[in-house]
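**Q** Numbering (this note's numbering), first residue to last: 2 to 119.
Just so it is clear, CB atoms sit at the ideal spot from N, CA and C, and this is done for glycine as well.
Before I ask anything, let me first share the structure, which is written out below as structure tokens.
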Amino acid sequence: QVQLVESGGGLVQPGGSLRLSCTASGSVLSIVLMGWYRQAPGKQRELVATITNYGATNYTESVKGRFTISRDTDFNTWNLQMNALKPEDTGVYYCKATVIIITKSEYWGQGTPVTVSS
């Protein structure tokens, strides 16, 4: 199993930056894909960015050039650097780990809220 804890959310003005972190414990070496998702009030959860265990990244169109997903050298923490934030980036941000140990499993963190407002 994998346990995920997000941190780093908060209130920021438009144009500002935040760095979210997702710290994993448990079967960390079995994580093949880590994703950041967000859910705005009244909307469905959407994919923001993903990174594979080989370092390949993918971003939803609306955050390209502004957000960067990465993995720390300790290999237990994944980060989402968010720059040039917009009000439409507001929502609860979740990380999700895809684990393969014989079969595929997915694990979610509890989420961290981000509010972009002046």
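1. For G30, name the three-state secondary structure that DSSP assigns.
2. Do D90 and V148 have their beta-carbon atoms positioned less than 8 Å apart in this structure?
3. If you compare alpha carbons, which of G110, S119, Q2, S118 is closest to G36?
4. Are there 16 or more other CB atoms within 10 angstroms of the CB of L19, so buried, or fewer, so exposed?
5. For the beta strand (DSSP E) that N80 lies in, which residues bound it at each end?
6. Report the residue from S22, V33, G10 whose alpha carbon sits nearest the alpha carbon of E107.
7. Would you kindly report the start and end of the unbroken beta strand (DSSP E) that includes L12?
8. In whole angstroms, what is the alpha-carbon distance linking C96 and I103?
9. With 16 other CB atoms within 10 Å as the buried threshold, where does L30 fall?
**A** Put simply:
1. One-based indexing of the sequence shown puts residue 30 at position 29. Reading off the sequence, residue 30 comes out as Leu, not Gly. Note: L30 maps to helix in three-state DSSP.
2. As displayed, the chain neither begins before 2 nor continues past 119, which places residue 148 out of reach and without an answer.
3. In the sequence shown, counting from the first residue as 1, residue 36 sits at position 35. It is G110 whose Cα lies nearest to the Cα of G36.
4. In the sequence shown, residue 19 corresponds to position 18, counting from 1. Label assigned to L19: buried.
5. Taking the sequence shown and counting its residues from 1, the one referred to as residue 80 is at position 79. Note, N80: beta strand (DSSP E), 78–83.
6. On the sequence shown, residue 107 is found 106 positions in, with the first residue counted as 1. Closest option to E107, Cα to Cα, is V33.
7. The residue labelled residue 12 in the question sits at position 11 within the sequence shown. Unbroken beta strand (DSSP E) run through L12: 11–13.
8. Taking the first residue of the sequence shown as position 1, residue 96 is located at position 95. Taking the first residue of the sequence shown as position 1, residue 103 is located at position 102. Taking the straight line from one Cα to the other gives about 22 Å.
9. Here residue 30 refers to the residue found at position 29 when the sequence shown is read from its first residue. Counting Cβ neighbours within 10 Å, L30 comes out exposed, since fewer than 16 surround it.
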